[in-house]
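Colleague:
2 protein chains.
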Amino acid sequence: MTAEIPPALPLRERKKLRTRQTLVATALELFGAHGFDGVTLDGLCEAAEVSKRTFFRYFASKEDVAMAPTQDLWAAFLDLLETGPAAGPAPRPAGGQPGGRPGAQPEGRPLLGLFEDCLAGAIGRMPAGGWTGRVLASRRLAARTPSMDAHGLAFCDRTIRAALVVLDHRLALDGPGRLRARLALDMLVSAFRQALDAWVAQPSGHTPEDLTRRLRAVMAELPHAVAAKAEPRA
Amino acid sequence: MTAEIPPALPLRERKKLRTRQTLVATALELFGAHGFDGVTLDGLCEAAEVSKRTFFRYFASKEDVAMAPTQDLWAAFLDLLETGPAAGPAPRPAGGQPGGRPGAQPEGRPLLGLFEDCLAGAIGRMPAGGWTGRVLASRRLAARTPSMDAHGLAFCDRTIRAALVVLDHRLALDGPGRLRARLALDMLVSAFRQALDAWVAQPSGHTPEDLTRRLRAVMAELPHAVAAKAEPRA
DNA sequence: AGGCTTGTGCCACTCAGTGGCACATTGACG
DNA sequence: CGTCAATGTGCCACTGAGTGGCACAAGCCT
C-alpha cells in the first residue's frame, strides 16, 4: 500500500509492519481531510480498525503518527552517520549516496559537508513509492498545527543529541570540537527545515532529488549567513 | 515577591501583574518540589488561590507558566530588535545595552553581531531580583521534562518568525538576504541554548553577566563551527 | 450614585493518554 | 500433533489538561 513489505520476515513482524503503515496512511488521510484537531483518536482507530490501546503501542502520541515520514528520514540519517564514511576527504561523491569507505586522513573533510552528504543519502534511501507524498501531507499539516510543529522540533533536538553521541564514537572531539559539532548539527537542521519549507511550498515537482538540491543550496548559504551584514532600509 | 511592581499603574493592572507573578512563583516552586508531572493544575491553582479557568486566562498551557522567564527574555529581545539600533556599524558598545542611534550606513554591521547585542541587552534588562533564580529553576525543570522542552523549542521558533517580520521592516532584505537572516537567527537561538545549558550546568556564579559572557563566547564559535573539519578517531 | 467594562469563579464537558486484565494468535518444543 | 510460553490485541475504567458558557463582582467613568 505505502512502502515495500520486506518479504519473508517472521510473519508476526509483517503484520506489525502492515498495521503501522495502515495507521500512518489512515492518519494522514483523515488529518488531511478534517485537520489534525478535527480527528479524534477514537475516530482514527475506528477507521484503521484497531483499538486505541493498540495505537499507543505503535506511536507515543497523536502527533507522532503524523510525523512518521520525517522520523524515518532522520533515522536513516543517523544510520548513515554511524555506518557510512566517517571522515574521509571525499570532495563529494558526485552521484548519489556516499559510498566511500572510512578514511583516516589526519585532516578530515568539513563537518558540514559530511552531515549534508549523510542527509542527502538518507533522502535517497527513502522508499520511492509514496514517501514524498507522505512528507508533503505531513509538513502541510504541521504548518497549520502548532502542537505538531512543536513535537517535530523536539524530535529534531533528540536526533541531534543522538547524532552527537555517534560523533563522539567516531571522531576525536575535544571540548571546543564538541561545541562546534553541536552548532554544526543545529545548522544542518536549520538548513534542512528551510529547504523543506521551500520544497513543500513549490507548486509541483516534489521529487526527492529536488529536495536534495534545495538542501545543498541552503547549506551553501550558511557561510554567507554567518558573514551577512545588516543593510538598513532606504 | 518576585520582581518590581511598577507603582501607580491603573491598579487593575497591578492586580493582574501580581496574580501572574504569584502563579509563576508558585508553579516553579511546586514543580521544583514534585516535578512537572507530579503537580496537577488543580493543585497548582489551589495553592495559588485562583480557579483553573483563571489560570488559562494567563497562560496557554501548563508548560507555559514554567517557561515565563525565557519568554520574558525573548520578548525583551524582540523589543530591542524593533526599537534599538538598526544597523549602524557599532563595532560593539563595550559596556552594556546597545545605545547607538539607528544609522544609515551603506555597509551595515554584521547581522550576527546585531542579534548578539540585542540578546545581551535583553539579558541586561531582566529584573535583577530573582530572574536568574527563575530561569535556573525553569531550565532545570525543562531538562527532565520533554513536553516543556518541546514547548520551549516551539516558542523559540515563533520568536524567530516574529523577529523576521521586524527585520523585514527595518532592513532591506532581498531573497537570499531573507534566507540568510533566517539562518542567522537560528544560529543565534542555537548559540544561546548552548550558552544557557552551560550556564545552568555550572555549579555557582549564576549571574546575568556570566550568561552574557557565555553567549558571546559561543557566538564567536559560530564561524569555526561552519569551517570545522571532522578529525577521525585515532 | 448610576451604568459599563473587565476579570473571576463555577460547572459540566471533550478528549488525549495510561493501567489492568482477559483473550487470541504465533512460534517453539516435546 | 498437542501444549505451553510469549507476545500482540481488545475492552474498560480512570486521570488530568484544556474549553465553553454563564453569572457575579470588582474596577473605572461620569
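Protein sequences, first through last, are from chains A and B. Those letters in the first sequence? Residues -19 to 214, per my numbering, in order. Those letters in the second sequence? Residues -19 to 214, per my numbering, in order. Quick reminder that beta carbons are idealized off the backbone N, C-alpha and C, glycines included. Note that the structure is a prediction, hence the values are computed from the model and not measured.
Specify the secondary structure class of A:Leu151 as computed by DSSP and reduced to three states.
Modeller: One-based indexing of the first sequence puts residue 151 of chain A at position 171. Correct three-state label for A:Leu151: strand.
Colleague: Is the separation between the beta-carbon of A:Thr192 and that of A:Ala56 shorter than 8 Å?
Modeller: Working through the first sequence from its first residue, we reach residue 192 of chain A at position 212. Working through the first sequence from its first residue, we reach residue 56 of chain A at position 76. Going by C-beta atoms, A:Thr192 is not nearer than 8 Å to A:Ala56.
Colleague: Roughly how many angstroms lie between the CA atoms of B:Arg(-2) and B:Val45, to the nearest whole one?
Modeller: Looking up residue -2 of chain B in the second sequence gives position 18. Looking up residue 45 of chain B in the second sequence gives position 65. One C-alpha to the other measures close to 14 Å.
Colleague: From A:Leu159, A:Asp137, A:His149 and A:Ala200, pick the residue whose C-alpha is nearest to that of A:Val169; which is it?
Modeller: Translated into positions along the first sequence, residue 169 of chain A becomes position 189. Taking only the C-alpha atoms, the option nearest A:Val169 is A:Asp137.
Colleague: Along the chain, where does the alpha helix (DSSP H) that runs through A:Arg37 open and close?
Modeller: Against the first sequence, residue 37 of chain A aligns to sequence position 57. First-last of the alpha helix (DSSP H) with A:Arg37: Lys32 to Tyr38.
Colleague: Sorted by chain position, which residues of the same chain lie with C-beta nearer than 8 Å to B:Ser127's C-beta, five sequence neighbours on each side aside?
Modeller: Residue numbering aside, residue 127 of chain B sits at position 147 when the second sequence is read from its first letter. Cβ within range, chain order: Phe16 and Glu43.
Colleague: Out of A:Ala197, A:Asp166, A:Ala134 and A:Arg162, point me to the one whose CA is closest to A:Trp179's CA.
Modeller: On the first sequence, residue 179 of chain A is found 199 positions in, with the first residue counted as 1. Ranking A:Ala197, A:Asp166, A:Ala134 and A:Arg162 by Cα distance to A:Trp179 puts A:Ala197 first.
Colleague: Taking A:Met167 as the query, report the chain B residues whose CB atoms sit under 9 Å from its CB, ordered along the chain.
Modeller: Position 187 of the first sequence, counted from the first residue, corresponds to residue 167 of chain A. Those are Leu163, Asp166, Met167, Ser170, Leu202, Ala205 and Val206, listed as they occur along chain B.
Colleague: With a threshold of 8 Å between beta-carbons, can A:Gln174 be considered close to chain B, or not?
Modeller: Locating residue 174 of chain A in the first sequence gives position 194, counting from the first residue. Answer yes: the Cβ-Cβ gap between A:Gln174 and chain B drops below 8 Å somewhere.
Colleague: Output yes if chain B places a C-beta closer than 8 Å to the C-beta of A:Asp137; else output no.
Modeller: Here residue 137 of chain A refers to the residue found at position 157 of the first sequence. Judged by the 8 Å Cβ criterion, A:Asp137 is in contact with chain B.
Colleague: What are the start and end residues of each continuous beta strand (DSSP E) run of 3 or more residues lying completely inside the segment 165 to 198 of chain A, in chain order?
Modeller: The segment 165 to 198 of chain A contains no whole beta strand (DSSP E) run of 3 or more residues.
Colleague: Could you check whether B:Leu58 and B:Phe35 sit closer than 8 Å to each other, using their CB atoms as the reference points?
Modeller: The residue labelled residue 35 of chain B in the question sits at position 55 within the second sequence. The residue labelled residue 58 of chain B in the question sits at position 78 within the second sequence. In this structure, B:Leu58 does not lie closer than 8 Å to B:Phe35 by Cβ.
Colleague: Along the chain, where does the alpha helix (DSSP H) that runs through A:Arg119 open and close?
Modeller: Looking up residue 119 of chain A in the first sequence gives position 139. Taken as a continuous stretch (DSSP letters only), the alpha helix (DSSP H) holding A:Arg119 covers Trp111 to Ala123.
Colleague: Where does B:Pro(-10) fall in DSSP's three states?
Modeller: Residue mapping note: residue -10 of chain B aligns to position 10 of the second sequence, counting from 1. It is coil, neither helix nor strand.
Colleague: What does a CB cutoff of less than 7 Å around A:Asp129 pick up in its chain, not counting 5 residues either side in sequence?
Modeller: Numbered from 1 along the first sequence, position 149 holds the residue referred to as residue 129 of chain A. Hits under 7 Å: Ala122.
Colleague: Would DSSP call B:Pro203 helix, strand or coil?
Modeller: As a working note, residue 203 of chain B is residue 223 in the second sequence. In the structure shown, B:Pro203 sits in a helix (DSSP, three-state: H, G or I).
Colleague: Strictly below 7 Å CB to CB, what residues from chain B border A:Gly88?
Modeller: Within the first sequence, the letter at position 108 stands for residue 88 of chain A. Lys209, Ala210, Glu211 and Pro212, listed in chain order.
Colleague: Based on DSSP bridge pairs, tell me the residues matched to A:Lys209.
Modeller: Counting from 1 along the first sequence, the entry for residue 209 of chain A is found at position 229. DSSP output for A:Lys209 lists B:Pro90 as bridge partner(s).
Colleague: Quick one: what does DSSP say A:Met128 is sitting in, helix, strand or coil?
Modeller: On the first sequence, residue 128 of chain A is found 148 positions in, with the first residue counted as 1. In this structure, A:Met128 counts as helix in the three-state DSSP scheme.
Colleague: Examine the Cβ distances between the segment 18 to 26 of chain A and the segment 101 to 117 of chain A and report whether three or more of them are shorter than 8 Å.
Modeller: Too few Cβ pairs lie closer than 8 Å, so no.
Colleague: Run through chain A and tell me which residues come within less than 8 Å of B:Asp129, C-beta to C-beta.
Modeller: For this step, residue 129 of chain B is matched to residue 149 along the second sequence. The contacting residues are Ala134 and Asp137.
Colleague: So is A:Val198 in contact with chain B if we call contact Cβ pairs under 8 Å?
Modeller: One-based indexing of the first sequence puts residue 198 of chain A at position 218. Cβ-Cβ to chain B under 8 Å: yes for A:Val198.
Colleague: Can you tell which of A:Ala7, A:Ser41 and A:Pro203 has the C-alpha that lies nearest to the C-alpha of A:His131?
Modeller: Within the first sequence, the letter at position 151 stands for residue 131 of chain A. Of A:Ala7, A:Ser41 and A:Pro203, the residue nearest in Cα terms is A:Ser41.
Colleague: When you compare the CB of A:Leu(-3) with every CB in chain B, is at least one pair closer than 8 Å?
Modeller: Taking the first sequence and counting its residues from 1, one reaches residue -3 of chain A at position 17. False, the Cβ-Cβ gap to chain B never drops below 8 Å.
Colleague: Using three-state DSSP, classify A:Thr50 as helix, strand or coil.
Modeller: Position 70 of the first sequence, counted from the start, is the residue given in the question as residue 50 of chain A. Correct three-state label for A:Thr50: helix.
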